[in-house]
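Everything below concerns the one structure shown next.
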Amino acid sequence: MALKKIPSVKAALGHIVKYDKKTIGDMVILNEIPAPPFKEQKRAEKLAEMFRNIGLSDVSIDKEGNVLARRAGTVRKHTIAIVAHLDTVFPEGTDVKVKIEGNKYTAPGIGDNSRGLAVILAVARSLQAAKINTDSDILFVGSVGEEGLGDLRGVKYLLRGDGPPIDSFIGVDGGKDNRLVYGAVGSYRYRVTFRGTGGHSWGAFGNVNPHHALGRAIDKMAVGGTDVYKTGPKVSISVGRIGGGTSINSIPFESWMEVDMRSGAVYKLDEMDAMFKKAIQNALEEENAARREGPALTVDVKNIGLRPAGRGDPNSPLVQRAMAALFSLGKEPDLSISSTDANIAISKGMPAITMSRGGINIASHSPQESWQNIDGHIAIQSILLTVLAESGVK
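Taking this note's numbering, I'd label the letters of the sequence shown as residues 22 to 415.
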């Protein structure tokens, strides 16, 4: 890769290795500031402060809570966003203190995505240290709401119609250092609630039972889902959470579940969605038909998440530049599709990818999550080279 021969680029690549301990220190500091869903503010404020300390002056937090740190280019006709999410999946009150054993760092959220935040800081720091003048503006973003019910709210806001101009998008998320996501796995998410009058399990027997309806619906979804995913692109459906009821000897007055459907193909998502809605309606009708007394059961189907799918192009210039960067560092690119902040950009037709945060991430989304610094610098270097190839360097 010709870029690597430019003296300032060589210096930036070397800086990433030289200050690896600083990058890891940033990861630990950020991880120990809790960022549960919808409560990322304190971590956002710290990240903004860290960007200012690097030397970036155009730093702000937008109305949705995203951190925006702009490094101006010399031409300023093009803006590249480099995005890592601030939030974790863990609820408020989770112990996020980092335990360090050699090159292993253990804490909830340490890899996903405190490491990602440290990576974008390291890219910014290396550009500053080597005094590289890029043609394009580089917009570093700490996004909110990537995980769970956050529903990509941060990037949805970032890429709104009247948002800051962005021409290319590079997300930082995921483990293996040769990971290169070019397509978007979309998802539809619902909360389904069956409601009845409830009653005593003996005295009111014959009334509608929301749990029974929920069971009918889940069975129909499992059977119907098999038919949908037998052919065509991969598609999935899963009941992730269920709840309801007051006691063992009561007919519940309410029964609910949360359902997640995913595919990289919009038409397969729509097929699964149609099957799901038919299963819910049939379960409702069957439970009502079985009742011997009392009012009918009702159901509420609420959309709680929509992540758009999108077909990326592995032959696009941005993907090819990222591949060249990885090859130049001795890594064989592993192209894949996934659900990341880049979904929104990909669905809008914007050049967009997600690259690795590097190292080895173990047990993500669990209290035992850990991150090991095995050649962690390579991912940072690959992102830097991709950004410079996309931008151009003076």
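Glycine included, C-beta positions come from ideal geometry on N, C-alpha and C.
- By alpha-carbon distance to Gly285, the top candidate from Thr361, Gly224 and Val206 is Val206.
- Collapsing the DSSP output to three states places Asn336 in coil.
- Beta bridge pairing from DSSP links Asn382 with Trp392.
- Using a 10 angstroms sphere on the CB of Ile258, the tally of other CB atoms reaches 16 or more, which defines it as buried.
- Segment contact: the region 147-166 against the region 352-361, fewer than three CB-CB distances shorter than 8 angstroms; contact not assigned.
- Among the bridge pairs identified by DSSP, Lys120 is matched with Thr127.
- Spanning the alpha carbons of Arg328 and Gly94 requires a straight line of approximately 32 angstroms.
- Three or more Cβ pairs drawn from the region 194-201 and the region 332-349 lie within less than 8 angstroms of each other, which places the two stretches in contact.
- For Ile365, the closest of Ile325, Leu180, Asp83 and Phe226 by C-alpha to C-alpha distance is Leu180.
- A straight line joining the alpha-carbon of Glu353 with that of Ala373 spans about 19 angstroms.
- DSSP, reduced to helix, strand and coil, places Phe59 outside both helices and strands of the structure shown, so it counts as coil.
- Under DSSP, Trp277 takes part in a beta bridge, and its partners are Thr214 and Gly264.
- Taking a 10 Å sphere around the C-beta of Gly220, we find 16 or more other C-beta atoms and assign the residue as buried.
- Judged by DSSP in its simplified three-state form, Thr247 adopts helix.
- Proximity to Lys98 across Leu405, Gly246, Pro185 and Asn303 peaks at Pro185, based on C-alpha coordinates.
- If you draw a straight line from the Cα of Gly217 to the Cα of Val244, it comes to about 26 angstroms.
- Residue nearest to Ala143 within the set Glu306, Asp47 and Leu89 is Asp47 (criterion: CA-CA distance).
- Burial is judged here by how many other beta carbons sit within 10 angstroms of a residue's own beta carbon; Thr267 has fewer than 16 and is exposed.
- For secondary structure counted as the beta strand (DSSP E) over 3 or more consecutive residues, the region 168-196 holds these complete runs in sequence order: 189-193.
- For Ala65, the closest of Ser81, Arg332, Asn74 and Gly76 by C-alpha to C-alpha distance is Ser81.
- Note on geometry: alpha-carbon atoms of Leu170 and Arg73 lie some 30 angstroms from one another.
- Contact between Arg210 and Ile325 holds, with the beta-carbon distance rounding to 5 angstroms and staying under 8 angstroms.
- Rounded to the nearest angstrom, the gap between the Cα atoms of Gly370 and Gly192 is 15 angstroms.
- With a 10 Å radius around the Cβ and a threshold of 16 neighbouring Cβ atoms, Glu122 comes out exposed.
- Here Val117 really is in contact with Glu53; their C-beta atoms are around 6 angstroms apart, less than 8 angstroms.
- When DSSP states are grouped into helix, strand and coil, Ala93 belongs to the coil group.
- Ala225 and Ile272 have their C-alpha atoms roughly 8 angstroms apart.
- In the three-state reduction of the DSSP assignment, Thr407 falls in the helix class.
- In terms of CA proximity to Pro231, Arg312 leads the group Arg312, Met293 and Gly195.
- Around the C-beta of Ile45, 16 or more other C-beta atoms lie within 10 Å, and the residue is accordingly described as buried.
- About 6 angstroms separates the Cβ atoms of Trp277 and Val213, confirming a contact at the 8 angstroms cut-off.
- Assignment of beta-bridge partners to Tyr209 by DSSP yields Met282 and Leu327.
- Taking Ser208 as the centre and dropping the five residues before and after it, the same chain places the C-beta of Asp281, Met282, Arg283, Gly326, Arg328 and Ser360 closer than 7 angstroms to its C-beta, in chain order.
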